[in-house]
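J.: Take this structure, written in structure tokens, and hold onto it; I'll ask about it next.
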Amino acid sequence: MSKPVCVTFKCFHECFACIRMKVSVALLCCFLLTDGQTEVQDFVANGKNNQPNIWTEVRDIRDMVVELKVKLDMAMKDNAICKNCLKYFPSTEQPKVAFSADLGMRGDLGPQSTEITLTFNNIFTNIGNNYNPATGLFTAPVKGVYYFRFTACGTQIQQSLGASLHKNGQKIVSVGQWRDHNQHRYASNGAVLQLEVGDVVCVKLLPGYTIYDSPDNLSTFSAIYIRYVM
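Residue numbers for the sequence shown follow UniProt numbering, so the first one is 1 and each next one is one higher.
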């Protein structure tokens, strides 16, 4: 016996509704999958765009290192040039060099057959200790200009007074007084000398001449450093 028409139509309607629901669900899933895939692609693309280029940064750092090395090399060369230039300029502090001394004896010395270095061993001032009272020699501690002065006294009427200033064994200036009837005779001289480090200056008694001194300090030798010169 066949089913009624109303029942058949009802079943068909239910089946159609079920199919329509399934289709809707399927379309919704497709839409969601498509939209989600688009978002994932956008995220990946944006991630790639936002990711830093490591090799570009490495190249930038390399270029920076090369530039710094060039600047460092130039600075080292400039520093070497400055150090070399400083050799030709005086230090900021002026050297303190000066001395003054007397023969420190009583009576006459000479005459001698040869030159002798006079030892002015009665020290008044010896700043820097560059004058040696035991040898009578002044040794220049620094390059520069120095002023030297010496005075000699003589008393022997029958003998002449004579002495000379020497630099490195070379006679620079001399003093002399020939025989006369005065009891005391004086002679003085000086010179401005440009010295190198280690140059030696002294006063010598001339051969055949005499020099006199007393507690009044009549025969003296002095020097002072004036300034540095190029």
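For every residue, glycine included, the Cβ atom is placed at its ideal position computed from N, Cα and C.
Which residues share a DSSP beta bridge with Gln194?
T.: DSSP lists Val145 as the bridge partner or partners of Gln194.
J.: Give me, in chain order, the residues of the same chain whose beta-carbon lies closer than 7 angstroms to that of Ser214; leave out the 5 immediate sequence neighbours on both sides.
T.: Arg106
J.: Can you check which of these residues, Asp60, Pro141, Asp78 and Glu57, is closest to Tyr228 by C-alpha distance?
T.: Pro141
J.: For Ile172, which beta-bridge partners are listed by DSSP?
T.: The partner list for Ile172 (beta bridge, DSSP) is empty, contrary to what the question assumes.
J.: What residues in its chain sit with their C-beta under 6 angstroms from that of Cys202, if we drop five residues either side in the sequence?
T.: Thr117, Gly136, Leu137 and His166
J.: In terms of residue numbering, what span does the beta strand (DSSP E) encompassing Val200 cover?
T.: Val200 to Leu205
J.: Tell me which residues share the same chain as Glu115 and place their Cβ nearer than 7 angstroms to its Cβ, disregarding the 5 neighbours each side in the sequence.
T.: Lys204, Leu205, Leu206 and Pro207
J.: Going by the beta-carbon positions, is the gap between Phe124 and Gly104 smaller than 8 angstroms?
T.: no
J.: Within 10 angstroms of its Cβ, does Leu68 collect 16 or more other Cβ (buried), or is it exposed?
T.: exposed
J.: Pull up the CB-CB distance for Thr151 and Thr220, whole angstroms please, since I reckon it's below 8 angstroms.
T.: Confirmed, about 5 angstroms.
J.: May I ask you to list the residues that DSSP assigns as paired with Asn189?
T.: Phe150
J.: Is Asp108 helix, strand or coil when you go by DSSP?
T.: Note: Asp108 maps to strand in three-state DSSP.
J.: Exposed or buried, what is Val97 when buried is set at 16 or more other beta-carbons lying within 10 Å of its beta-carbon?
T.: When all chains shown are included, Val97 counts as buried.
J.: I'd like the span of the beta strand (DSSP E) that includes Asn121, first residue to last.
T.: Careful: Asn121 lies outside any beta strand (DSSP E) and carries neither H nor E.
J.: Within the continuous beta strand (DSSP E) that includes Gly162, where are the two ends?
T.: Leu161 to Lys167
J.: Alpha carbon to alpha carbon, how far is Ser113 from Ile127? Give it in angstroms, no decimals.
T.: 34 angstroms
J.: Suppose you measure from the CA of Val44 to the CA of Asn53; what does that come to, to the nearest Å?
T.: Its pLDDT being 49, under 50, Val44 is placed unreliably by the model, and the measurement read from it follows with that caveat. Distance between the alpha carbons of Val44 and Asn53: 16 angstroms.
J.: Just checking my contact of Phe148 with Gly190 at CB under 8 angstroms: how many whole Å lie between their CB atoms?
T.: 6 angstroms
J.: Quick check on Thr210: buried or exposed, where buried means 16 or more other Cβ atoms within 10 Å of its Cβ?
T.: buried
J.: Checking the sheet assignment: what are the DSSP bridge partners for Gln177?
T.: Per DSSP, the beta-bridge partners of Gln177 are Leu161.
J.: For Glu196, which residues in the same chain have their Cβ closer than 8 angstroms to its Cβ, ignoring the five residues on either side in sequence?
T.: Ala140 and Lys143
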